[in-house]
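The structure appears right after this line, and notes come after that.
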Amino acid sequence: MYSILIVDDDTVFRTRMKSLLDWEKAGYTIIDEARNGKEAIEKIEAFEPDIVITDISMPIINGVELIDYVKRFKKNTSIIALSGYNDFHYVRSSLKNGAEDYLLKNQLSTDKLLDVLNSAVKRLAPKAKDKPAQAIASTDNLIQEFLLLLISGCAGSREDVELRLKRLHMDDLLQGLIVAVAEPDNNELINNLNESDYYKFLYSVCSIMKESVSSDYGIVVTIIGRNRILVLIPAIKNNLSLFKENYHRILSQMNNNVMRFLNEPVSFGVSDICTDIMEISHYYEQAVKALVENRFRGKSSFIAEAGDKPEADKILTLDISDEKALVDSLRGKGGFTPDAVINRIFDKFSNCSSEDIQLVLAELINILIRETRANDLSLDKAFQQSDLNYQKEIKSMNITALKDWFAKRYCELYECMQRIQTYRQYNENTRKAIYYIEENYDRNISLSDIAEAINVNSSYLSRLFKNDTGQNIIDYLNKIRMDKAASLINEGKYSLKEISYKVGIQNYNYFFKLYKKYIGITPLEHKKKDSNQA
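When you number the sequence shown by the numbering used here, it's gap-free, plus one each residue, and the end is 701.
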């Protein structure tokens with residue numbers, strides 16, 4: 168693996184460049200970054216990178232001077248120059264001074280970057296590739312590995328920890344610190360990106376957060392786990408109120424910059440002040456819990472502090488009266504709708520922690536499944552969703568979203584049970600036709616197909632169905648199809664053309680016409696409405 172130092176005074180551009188590649192997969196590791204030629208020289212001396220990618224126009228020491236330095240004193244380091252069109256006369260100077268290649272910033276792409284890197288590698292001395300991993304390990308990687316051990320309580324003795332902190336220039340933390348953990352707020356983004364793309368995104372968030380603060384502050388920012396960033400802020404001695412004001416300002420700046428450059432907000436959980444570095448694992452857990460609880464209760468601020476604890480509620484399970492009211496509401500008894508009962512139940516538990524409410528959620532799920540099966544229904548038939556996976560769905564929800572989710576599911580079950588009650592009054596052949604339609608609406612079926620499937624005459628079936636339901640059988644079929652289409656649009660997983668086929672309509676224009684007739688708006692209007700609400 169080849170080591171790379173990126174040198175550019177433009178934070179946004181450095182972040183963009185780092186997000187272009189899965190660096191390790193391509194055979195490279197970014198050992199560090201520098202904002203000018205002076206910083207770059209210090210880091211080249213410390214890490215001896217294989218490749219330096221440097222901007223030309225920079226303060227203090229510019230790129231041409233840096234290239235000249237590298238070629239004089241670091242013969243085994245390859246140089247790639249970065250430039251805009253306005254700096255092209257500098258590029259010629261840089262190539263004369265020893266840069267092997269150049270990249271134009273406004274034309275930079277993944278492919279161009281890889282081509283130039285691979286060409287630079289070919290010119291490196293053969294021994295560069297054989298450097299042991301630890302020789303090219305980045306400062307970030309060393310810090311990350313050490314902090315993982317530290318917050319797990321496995322970093323060794325106090326002497327070992329203090330020595331490692333000094334070697335990694337993090338000994339400011341020994342005077343006291345607060346632990347903050349940050350996570351992106353957009354769960355949909357987390358779920359939809361593959362692991363490689365999400366790591367690139369998280370790496371960009373981490374880089375922007377680092378750039379938001381001066382290195383003089385001794386603040387440590389690194390990725391921990393799949394979707395979490397760890398921030399350690401040294402305490403200001405003898406002035407706790409100033410320290411609190413200081414770390415609020417720092418975290419606000421980080422959040423503002425991530426929003427500015429990536430348009431994605433992050434939330435922070437913050438611990439109490441840790442005065443003993445050997446106890447940091449406890450404070451890390453504090454910060455994580457603060458973040459989780461803040462989100463669960465519907466966050467009022469992007470910073471959640473360890474002192475912001477929910478009050479424990481005495482009742483941690485459903486009353487028998489609650490369960491009875493819920494079951495009665497499903498059966499049309501008791502004078503309350505299912506969503507009204509669900510709202511009442513959740514109001515009782517609004518001050519519970521996410522851990523305390525788990526038993527209540529499990530009981531609500533069990534009642535839902537039990538009543539579904541008691542009515543000879545399958546889960547996917549009772550609920551208007553193509554692949555109901557409640558465990559995955561509710562895992563990341565806050566308490567407001569959970570209340571809405573359960574209210575919706577119980578109302579869907581209630582409506583389904585009401586339909587069953589109505590169906591029982593119909594002629595047997597009408598019931599068979601309805602069952603056939605619900606099982607086969609996604610196929611291109613007609614009145615003749617339905618009649619043939621249940622072994623009756625089509626004219627007879629048409630009259631019988633209209634007499635029982637008050638609807639034309641094809642109208643009933645198309646209404647079922649459009650209701651299913653509306654549910655699929657709400658899920659947001661499929662294109663409109665895919666949805667058209669999934670509900671048995673092969674003609675895309677005809678699908679639009681039917682949707683407008685039965686739903687009242689076009690599929691495009693529905694999709695746009697959903698996007699605006701999101």
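Quick reminder that beta carbons are idealized off the backbone N, C-alpha and C, glycines included.
Computed from a prediction, not measured in an experiment: that's the story for all the values here.
**OP:** Taking only the alpha-carbon atoms, compute the straight-line gap between P690 and N611 and give it to the nearest angstrom.
**Re:** Rounded to whole angstroms, the gap between the alpha carbons of P690 and N611 is 20 Å.
Subject >> E692 versus G501: straight-line alpha-carbon distance, rounded >> reply: Computed Cα separation, rounded: 39 Å.
Original post:
Which residue's Cα is closest to the Cα of Q342: I440, G323, A201?
Top reply: Measuring from the Cα of Q342, the nearest candidate turns out to be I440.
**OP:** Have a look at I536, I487, R202, E522 and flag the residue whose alpha-carbon is nearest the alpha-carbon of I512.
**Re:** Cα-wise, what sits closest to I512 is I487.
Original post:
Taking Cβ positions, are I318 and A349 nearer each other than 7 Å?
Top reply: By the CB criterion at 7 Å, I318 and A349 fall outside the cutoff.
Original post:
Taking Cβ to Cβ, would you say L631 is nearer than 7 Å to N676?
Top reply: Contact flag unset, no.
Original post:
Which partner residues of S170 appear in the DSSP bridge assignment?
Top reply: Answer by DSSP bridge pairing, in chain order: T196.
Original post:
Smallest Cα separation from A574: which of L493, E232, I403, S170?
Top reply: Comparing Cα-Cα distances from A574 to each of L493, E232, I403, S170, the minimum goes to L493.
Subject >> Member of S324, K633, R331, R325 whose CA lies at the smallest distance from the CA of E312 >> reply: Comparing Cα positions, the closest option is R331.
Original post:
Could you give the residue range of the beta strand (DSSP E) that holds D439?
Top reply: 433 to 441 is the span of the beta strand (DSSP E), which, as asked, contains D439.
Original post:
Mind checking whether I220 and I197 have CB atoms under 7 Å apart?
Top reply: Against a cut-off of 7 Å, the Cβ pair of I197 and I220 comes out as no contact.
**OP:** Sort I223, V231, K241, I227 by Cα distance to A213 and report the nearest one.
**Re:** Closest in alpha carbon position to A213, among I223, V231, K241, I227, is K241.
Subject >> Status (buried if at least 16 other CB within 10 Å, exposed otherwise) for A479 >> reply: Because the pLDDT at A479 is just 48, under 50, the model does not fix this residue reliably, and the value given afterwards should be weighed accordingly. With fewer than 16 Cβ atoms within 10 Å of its Cβ, A479 is classed as exposed.
Original post:
Hey, quick one: how far does the beta strand (DSSP E) through D268 stretch, first residue to last?
Top reply: Unbroken beta strand (DSSP E) run through D268: 268 to 271.
Original post:
So, do the segment 428 to 444 and the segment 350 to 365 have three or more beta carbon pairs nearer to each other than 8 Å?
Top reply: Touching, yes, given that three or more Cβ pairs across the two stretches are closer than 8 Å.
Original post:
Taking all protein chains shown into account, do 16 or more other C-beta atoms lie within 10 angstroms of the C-beta of L155, making it buried, or fewer, making it exposed?
Top reply: With the chain represented from 168 up to 701, any question about residue 155 goes unanswered, as that position is not in the structure.
Original post:
Between the segment 680 to 687 and the segment 646 to 658, are three or more C-beta pairs nearer than 8 Å?
Top reply: Yes: the two stretches touch, three or more of their Cβ pairs being nearer than 8 Å.
Subject >> Neighbourhood of M376 by C-beta, 6 Å cutoff - its chain only, sequence neighbours within 5 removed >> reply: Closer than 6 Å at the Cβ level, and outside the excluded window around M376, lie V388, M421.
Original post:
Using DSSP with H/G/I as helix, E/B as strand and the rest coil, what is I396?
Top reply: Residue state, collapsed to three classes: strand.
Original post:
From E378 to T178, what does the alpha carbon distance come to, in whole angstroms?
Top reply: Computed Cα separation, rounded: 7 Å.
Subject >> Proximal residues to L360 (C-beta, below 7 Å), its chain only, five neighbours per side dropped >> reply: Cβ neighbours of L360 beyond the five flanking positions: F368.
Subject >> With 16 other Cβ atoms within 10 Å as the buried cut-off, status of G671 >> reply: Buried is the call here.
Original post:
Can you tell me the Cα-Cα spacing of S381 and R416, whole angstroms?
Top reply: Approximately 13 Å between the Cα atoms of the pair.
Original post:
With burial defined as no fewer than 16 other Cβ atoms inside 10 Å of the residue's Cβ, what is the status of S438: buried or exposed?
Top reply: Counting Cβ neighbours within 10 Å, S438 comes out buried, since at least 16 surround it.
Subject >> Secondary structure, alpha helix (DSSP H): runs of 4+ residues fully inside the segment 610 to 692 >> reply: Counting only unbroken stretches of 4 or more residues, the alpha helix (DSSP H) elements lying wholly within the segment 610 to 692 are 614 to 621, 625 to 636, 640 to 658, 663 to 669, 675 to 686, in sequence order.
Subject >> DSSP state of V388 mapped onto helix, strand, coil >> reply: Of the three classes helix, strand and coil, the one that applies to V388 here is strand, per DSSP.
Original post:
What residue from E209, V346, D506 has the CA that sits closest to F410's CA?
Top reply: Distances from the CA of F410 to each of E209, V346, D506 were compared; the closest alpha carbon is that of V346.
**OP:** Provide the residue(s) that pair with A201 in DSSP beta bridges, ordered along the chain.
**Re:** In the DSSP output, where bridge partners are listed per residue, A201 has V174.
Original post:
Exposed or buried, which one is N229 when buried takes at least 16 other CB atoms within 10 Å?
Top reply: Buried is the call here.
Subject >> Sequence-distant residues of the same chain with beta carbon closer than 7 Å to I524, five excluded per side >> reply: Residues F516 of the same chain have their beta carbon placed closer than 7 Å to that of I524, with the five preceding and five following residues left out of the count.
Original post:
Should D297 go down as buried or exposed, given a rule of 16 or more other Cβ atoms within 10 Å for buried?
Top reply: Residue placement at D297 is poorly supported in this model, since its pLDDT is 44, which falls under 50; the coordinates are not used for a value here.
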